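Trainee: In our numbering, the protein residues as written are 12 to 649. No residue lacks a Cβ here, since even glycine has one placed at the ideal position from N, Cα and C. These numbers were taken from a predicted model, which means no experiment stands behind them.
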Amino acid sequence: MLNIHNLSVSFQGTYLFEKITFQLASGTRVGLVGKNGAGKSTLLKIISGEQEYDQGAIAMDKDVSIGFLKQDIDFTKGKTVLQESYEAFIEIKKLEGQLEEINTQLATREDYESASYNQLMIDLNDVQHQYEILGGYNYQGETERILQGLGFQREDFNKVTETFSGGWRMRIELAKLLLQNNDILLLDEPTNHLDIESILWLEEFLKNYAGAVVVVSHDKMFLDNITNRTIEISLGKIYDYNKPYTKYLVQRQELRAQQLASQKNQQKQIEQTEKLIEKFRAKASKATMAQSLIKKLDKIDRIEVDEDDNSVMSLTFPVSVIPGKVVIEAENISKSYGDTQVLRGIDLRVERDTKIAFVGQNGQGKSTLAKIIVDEIKYSGAMNLGHNVQIGYFAQNQADYLDGSKTVEDTMLDAADERTRPLVRNILGSFLFRGDEAEKYVRVLSGGERNRLALAKLLLQPFNVLVMDEPTNHLDIKSKNVLKDALLKFEGTLLLVSHDRDFLQGLTDKVYEFKDHKIKEYLGDIEYFLEQRNLQNLREAEKRTVGVATQINNPNSGKQSYKDQKKQKSLTNRLSKIEATINKLEREIKEIDLELALNYEATIALPNFFDFYQGKKKELEEAMKQWEHISEQLEGLL
12 MLNIHNLSVS
22 FQGTYLFEKI
32 TFQLASGTRV
42 GLVGKNGAGK
52 STLLKIISGE
62 QEYDQGAIAM
72 DKDVSIGFLK
82 QDIDFTKGKT
92 VLQESYEAFI
102 EIKKLEGQLE
112 EINTQLATRE
122 DYESASYNQL
132 MIDLNDVQHQ
142 YEILGGYNYQ
152 GETERILQGL
162 GFQREDFNKV
172 TETFSGGWRM
182 RIELAKLLLQ
192 NNDILLLDEP
202 TNHLDIESIL
212 WLEEFLKNYA
222 GAVVVVSHDK
232 MFLDNITNRT
242 IEISLGKIYD
252 YNKPYTKYLV
262 QRQELRAQQL
272 ASQKNQQKQI
282 EQTEKLIEKF
292 RAKASKATMA
302 QSLIKKLDKI
312 DRIEVDEDDN
322 SVMSLTFPVS
332 VIPGKVVIEA
342 ENISKSYGDT
352 QVLRGIDLRV
362 ERDTKIAFVG
372 QNGQGKSTLA
382 KIIVDEIKYS
392 GAMNLGHNVQ
402 IGYFAQNQAD
412 YLDGSKTVED
422 TMLDAADERT
432 RPLVRNILGS
442 FLFRGDEAEK
452 YVRVLSGGER
462 NRLALAKLLL
472 QPFNVLVMDE
482 PTNHLDIKSK
492 NVLKDALLKF
502 EGTLLLVSHD
512 RDFLQGLTDK
522 VYEFKDHKIK
532 EYLGDIEYFL
542 EQRNLQNLRE
552 AEKRTVGVAT
562 QINNPNSGKQ
572 SYKDQKKQKS
582 LTNRLSKIEA
592 TINKLEREIK
602 EIDLELALNY
612 EATIALPNFF
622 DFYQGKKKEL
632 EEAMKQWEHI
642 SEQLEGLL
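#1: What does a CB cutoff of less than 7 Å around G558 pick up in its chain, not counting 5 residues either side in sequence?
#2: Give the range of the beta strand (DSSP E) segment to which A118 is assigned.
#3: My understanding is that G45 touches E243, with C-beta atoms under 8 Å, so please give their C-beta distance in whole angstroms.
#4: Return the bridge partner residues of H528 from the DSSP annotation.
#5: Rounded to a whole number of angstroms, what is the C-alpha to C-alpha distance between D520 and L266?
#6: For P566, which residues from the same chain have a beta carbon less than 7 Å from its beta carbon, with the 5 sequence-adjacent residues on both sides left out?
#7: My output table needs one value for N567: the three-state DSSP class, helix, strand or coil.
#8: Measuring only the C-alpha atoms, how far is E450 from L464?
#9: Would you kindly work out how many angstroms separate the C-alpha atoms of D480 and M181, rounded to a whole number?
#10: Please state whether the Cβ-Cβ distance between I144 and D604 is less than 8 Å.
#11: So the alpha helix (DSSP H) R436 belongs to, where does it begin and stop?
#12: From P255 to Q141, what distance separates their C-alpha atoms?
#13: Expressed to the nearest angstrom, what Euclidean distance is found between the alpha-carbon atoms of R165 and N399?
#14: Would you mind sorting D137 into buried or exposed? The rule is 16 or more other CB atoms within 10 Å of its CB.
#15: As an exercise, report each continuous alpha helix (DSSP H) stretch of at least 4 residues that is fully enclosed by the segment 42-72, in chain order.
#16: Would you tell me roughly how many angstroms separate the C-alpha atoms of N564 and D527, rounded to the nearest one?
#17: Out of A368, E633, S490, R40, point me to the one whose CA is closest to T504's CA.
#18: Can the beta-carbon of L13 be found less than 8 Å from the beta-carbon of L35?
#19: Under the DSSP definition of a beta bridge, which residues are partnered with R240?
#20: Thinking just about the alpha-carbon of each residue, which of M423, I438, S325 is nearest to the one in A497?
#21: Under three-state DSSP, which class holds I144?
#22: Could you give the distance in angstroms between the alpha-carbon of G392 and the alpha-carbon of K491?
#23: Could you tell me whether the segment 469-478 touches the segment 444-460, where touching means 3 or more Cβ pairs closer than 8 Å?
#24: Can you confirm whether the segment 425-438 touches the segment 355-375 when touching is taken to mean that 3 or more C-beta pairs between the two stretches lie within less than 8 Å?
#25: In terms of residues, what are the limits of the beta strand (DSSP E) holding V455?
#26: If you follow the beta strand (DSSP E) that T32 is in, where does it begin and where does it stop?
#27: Are I311 and I281 touching if we call contact CB-CB under 8 Å?
#28: Just to confirm the assignment: which complete beta strand (DSSP E) runs, minimum length 3, are found wholly within the segment 341-369?
#29: Return the chain-ordered ranges of every alpha helix (DSSP H) run that is complete within the segment 478-521 and spans a minimum of 4 residues.
#30: On a Cα-Cα basis, can you pick out the residue from T365, P618, Q191, S345 that is closest to V337?
#31: For T87, which option in E98, D425, V370, E342 has the closest C-alpha, if you only look at C-alpha atoms?
#32: Would you check if there are 3 or more beta carbon pairs closer than 8 Å linking the segment 155-163 to the segment 179-198?
#33: Label L66 either buried or exposed according to how many other C-beta atoms from any shown protein chain fall within 10 Å of its C-beta, with 16 as the threshold for buried.
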């Protein structure tokens with residue numbers, strides 16, 4: 012499907028990666044991993060055609076379509092959920108414009124017998140035929156079906172996208188990709204800003220995806236659940252294994268151990284041969300043998316050991332001054348965005364040196380409360396900071412807080428004061444911005460590099476309370492471990508918003524669960540919270556939260572009987588199978604439509620073509636009816 016051969020990309024004279032080669036085929040699900048700045052996002056942009064490369068070649072099968080989910084979604088403000096979702100249908104929308112223009116002319120002109128009027132009628136027929144082939148008469152209903160499958164309600168369809176949280180906007184982008192039925196999916200940090208329910212849906216979608224997938228992610232569990240191959244970019248090379256991430260790490264370590272052992276044995280042989288050469292070289296009678304050994308030594312293929320890039324940032328969070336016993340006291344805090352209530356009557360008391368985790372679904376108010384604490388947004392109620400409290404804030408959307416036109420060093424200098432300005436270069440060095448790296452413009456930094464820069468900025472101002480909103484987004488796995496270690500050693504107060512159970516384990520001593528506009532306190536770490544909820548992991552916790560919320564919102568809901576539970580499970584399974592059938596039929600019909608558009612005469616000449624074509628459409632229509640019928644039955648049980 013796609014071949015990459017000897018691909019090389021350089022930046023300011025230094026190769027990001029050099030002469031890398033690999034192939035992608037249908038059904039391949041690749042986890043693309045590596046350190047921040049290794050070139051993962053760059054490689055995705057090159058495959059998508061958004062960025063040029065220096066050397067090498069990229070070859071694709073004819074008519075291969077690529078969908079690209081970027082780290083930072085850039086929606087045009089003012090569009091509704093439906094309008095943004097319809098952006099998936101570029102060709103259909105273009106044809107709609109042509110149909111509107113032709114119909115307007117037909118309605119206003121009266122030269123019915125003219126050649127130009129007759130041509131308009133011919134054009135209308137051609138455009139309508141093309142419109143039908145591309146699914147123009149079905150796409151609106153299909154869009155609504157997909158959006159509902161992703162958790163949107165009908166009342167959400169006409170709301171503008173900027174009223175939704177980052178996780179919900181990511182779902183809209185995922186809906187667009189699903190509607191496009193692309194052959195290759197490129198996903199750059201897709202789990203950033205997603206709640207657990209969204210991650211679970213994405214995992215199921217990718218497991219059943221027929222095309223090829225390349226995903227960049229720092230989420231080990233996500234990679235293990237969906238990938239069947241791992242490609243690591245390290246020090247300009249790639250390491251390609253047909254294993255999910257964790258199994259890849261084991262296999263690569265085993266291979267490296269074998270390489271080291273083989274290299275050691277080979278080195279012994281080389282040393283012995285060199286000793287013989289020196290011994291024989293001194294004797295005229297053995298000169299011929301010495302020359303023979305030298306030639307043999309020259310022909311040896313030296314065993315190389317794969318290099319590991321073990322450079323990591325160095326991070327310590329010093330406490331500025333000791334604050335009072337109570338650092339934050341909130342009373343009756345409420346916040347709404349328009350008609351949407353997020354928080355209602357929140358009371359919160361945070362004591363010095365406490366480490367707290369905020370968990371819960373997207374849209375439940377975790378980031379909102381963090382912004383209220385740092386006085387970034389308006390709210391109702393009372394928020395008071397204690398004596399000598401100094402807050403350091405790490406925002407989730409770092410791109411909005413960094414100026415892309417400035418260099419890394421200038422960004423730091425602007426944020427520094429007289430005390431910290433002389434320390435800027437040392438701080439940047441400890442965050443792996445060394446030498447020319449400090450002269451990079453912020454706009455060319457990867458998501459992980461921007462996060463490292465934001466962490467470096469934190470150290471320029473004094474603080475004793477640290478508020479962090481999804482700090483692990485975009486960070487590579489090694490950097491996450493360094494950050495966690497620094498937070499464990501931090502002697503101040505920590506408020507941490509995160510969905511990452513791996514990161515939260517053993518880090519906090521108190522958990523606040525956000526749900527139904529309120530917060531609930533759990534006096535223990537994340538494992539204690541899970542134990543109290545009698546759940547195995549955070550994913551199940553948030554998934555069950557969704558189910559409970561659905562029942563609360565349904566006035567007719569109550570405790571289901573065993574018979575109803577069994578029926579609901581059966582209907583859910585049937586619905587999943589039908590959705591898979593619908594996706595398969597839509598893909599087959601799309602392929603036929605494409606053949607018609609490219610080679611109409613040859614395609615219709617195939618034996619029994621029209622019977623086969625209409626049969627597929629009828630199957631799809633029947634499957635859609637079944638989907639609607641089962642969906643109605645399920646709604647009746649909830």
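Mentor: According to the structure data:
#1: Within the sequence shown, the letter at position 547 stands for residue 558. With a pLDDT of 47 at G558, under the threshold of 50, the modelled position of that residue is not reliable, and no figure is offered here.
#2: Within the sequence shown, residue 118 is the residue found at index 107, counting from 1. Careful: A118 lies outside any beta strand (DSSP E), inside the alpha helix (DSSP H) at 101-119.
#3: In the sequence shown, counting from the first residue as 1, residue 45 sits at position 34. In the sequence shown, counting from the first residue as 1, residue 243 sits at position 232. The Cβ separation is near 5 Å, so the contact holds.
#4: Taking the sequence shown and counting its residues from 1, the one referred to as residue 528 is at position 517. Answer is none; H528 lacks a bridge partner.
#5: In the sequence shown, the residue the question calls residue 520 occupies position 509. In the sequence shown, the residue the question calls residue 266 occupies position 255. Between D520 and L266, the C-alpha separation is close to 40 Å.
#6: Taking the first residue of the sequence shown as 1, we reach residue 566 at position 555. Because the pLDDT at P566 is just 41, under 50, the model does not fix this residue reliably, and the value given afterwards should be weighed accordingly. There are no such residues.
#7: Position 556 of the sequence shown, counted from the start, is the residue given in the question as residue 567. Caution is warranted here: a pLDDT of 43 is assigned to N567, below 50, making its placement in the model unreliable, and no coordinate value can be reported.
#8: Here residue 450 corresponds to residue number 439 of the sequence shown, with the count starting at 1. Here residue 464 corresponds to residue number 453 of the sequence shown, with the count starting at 1. Going from the Cα of E450 to the Cα of L464 covers about 13 Å.
#9: The count along the sequence shown starts at 1 and reaches residue 480 at position 469. The count along the sequence shown starts at 1 and reaches residue 181 at position 170. Straight-line Cα distance between these residues: approximately 17 Å.
#10: Counting from 1 along the sequence shown, the entry for residue 144 is found at position 133. Counting from 1 along the sequence shown, the entry for residue 604 is found at position 593. Yes. Within cutoff.
#11: Counted from its first residue, the sequence shown places residue 436 at position 425. That run of the alpha helix (DSSP H) goes 435-441.
#12: Mapped onto the sequence shown, residue 255 falls at position 244. Mapped onto the sequence shown, residue 141 falls at position 130. Rounded to whole angstroms, P255 to Q141 spans 42 Å at the Cα level.
#13: Position 154 of the sequence shown, counted from the start, is the residue given in the question as residue 165. Position 388 of the sequence shown, counted from the start, is the residue given in the question as residue 399. The alpha-carbon atoms of R165 and N399 are separated by roughly 49 Å.
#14: On the sequence shown, position 126 is the one that residue 137 refers to. Counting Cβ neighbours within 10 Å, D137 comes out exposed, since fewer than 16 surround it.
#15: 51-59
#16: Locating residue 564 in the sequence shown gives position 553, where the first residue counts as 1. Locating residue 527 in the sequence shown gives position 516, where the first residue counts as 1. Summary for N564: the model assigns pLDDT 41, below 50, so the residue's position carries little reliability, and this model does not support an answer.
#17: Counted from its first residue, the sequence shown places residue 504 at position 493. T504 has its Cα closest to that of A368, out of A368, E633, S490, R40.
#18: Start at 1 with the first residue of the sequence shown, and residue 13 comes out as number 2. Start at 1 with the first residue of the sequence shown, and residue 35 comes out as number 24. Yes, the Cβ-Cβ distance between L13 and L35 is below 8 Å.
#19: As a working note, residue 240 is residue 229 in the sequence shown. DSSP output for R240 lists V41 as bridge partner(s).
#20: Numbered from its first residue, the sequence shown carries residue 497 at position 486. That would be S325, whose Cα lies nearest to the Cα of A497.
#21: To locate residue 144, count along the sequence shown from 1; it is residue 133. Correct three-state label for I144: helix.
#22: Here residue 392 is taken as the residue at index 381 of the sequence shown, counted from 1. Here residue 491 is taken as the residue at index 480 of the sequence shown, counted from 1. Near 35 Å, if we compare the C-alpha coordinates of K491 and G392.
#23: no
#24: no
#25: Your numbering for residue 455 matches position 444 in the sequence shown. Run containing V455: none; DSSP gives neither H nor E here.
#26: Position 21 of the sequence shown, counted from the start, is the residue given in the question as residue 32. That run of the beta strand (DSSP E) goes 25-35.
#27: Within the sequence shown, residue 311 is the residue found at index 300, counting from 1. Within the sequence shown, residue 281 is the residue found at index 270, counting from 1. A contact, by the Cβ cut-off of 8 Å.
#28: 351-362
#29: 488-500, 512-515
#30: As a first step, residue 337 must be located in the sequence shown, where it is residue number 326. Here the closest residue by C-alpha is T365.
#31: Counted from its first residue, the sequence shown places residue 87 at position 76. Cα-wise, what sits closest to T87 is E98.
#32: yes
#33: Along the sequence shown, read from residue 1 onward, the residue named residue 66 stands at position 55. It is Gln, not Leu, that sits at residue 66 in the sequence shown. So Q66 counts as exposed.
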